[in-house]
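For the sequence shown, our numbering gives the first residue as 8, with consecutive numbering after it. Just so you know, even glycine gets a beta-carbon here, dropped at the ideal spot from N, CA and C. This structure is a prediction, so every number in the text was calculated from the model and none was measured. Worksheet: one structure, shown below.
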Amino acid sequence: ALVHLSDFVPAIKDKLEDADERLGADIVQKALVAPASLIAQNAGIEGEVVVEKIKNSEWEVGYNAMTDKYENLVEAGVIDPAKVTRCALQNAASVAGMVLTTQAIVVEKPKPKAPVAAPPQGLTV
């Protein structure tokens, strides 16, 4: 449902006059599709492809990572508790608001992965 809701954000964004509010709408739109994309990526599937397929499907249809199928998730027994979904969306909106009001953000720079060490010379397995 969140993926489908993201389709309505541009219409709301067009009515916003403030550039910061439009930026916030963009952040919320990305937050709406992020869970579906991340679930797909964790299942080894390209997240953006899954999001687009969901957008082009009926509201009830989503990606079931357990079965690798697009199906009615409620009928398949895949549901999110409303409180978890609401809190996730509220947190995304809170972060967007904080970025807009402070006009800065502090993040942790990802550390590069260390290369795998080669076996010592002369050893054969």
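| Asked | Found |
| --- | --- |
| Might you give, ordered along the chain, the residues of its own chain that have their beta carbon closer than 8 Å to the beta carbon of valine 40, omitting 5 neighbours on each side? | Leu9, Val10, Ser13 and Val58 |
| Take lysine 60 and list the residues in its own chain whose beta-carbon comes closer than 8 Å to its own, dropping the five residues that flank it on each side. | Tyr70 and Tyr77 |
| When the Cα atoms are used, what is the spatial distance from serine 64 to threonine 108? | 37 Å |
| For lysine 76, list the residues DSSP reports as bridge partners. | Asn71 |
| I'd like to know whether the C-beta atoms of alanine 95 and valine 35 end up nearer to each other than 8 Å. | no |
| How big is the Cα-Cα spacing for alanine 26 and glutamate 53? | 31 Å |
| Around the C-beta of glycine 51, are 16 or more other C-beta atoms found within 10 angstroms, so that it is buried, or is it exposed? | exposed |
| Between the C-alpha atoms of glutamate 55 and glutamine 48, what's the straight-line distance to the nearest angstrom? | 9 Å |
| Under 8 Å between C-beta atoms, does valine 68 make it to chain E? | Absence of chain E from the displayed structure is noted, only one protein chain being present. |
| Is it buried or exposed, glycine 31, if we count other Cβ atoms within 10 angstroms and call 16 or more buried? | buried |
| Are alanine 99 and alanine 18 closer than 8 Å when you measure CB to CB? | no |
| Within the continuous alpha helix (DSSP H) that includes lysine 37, where are the two ends? | 26 to 49 |
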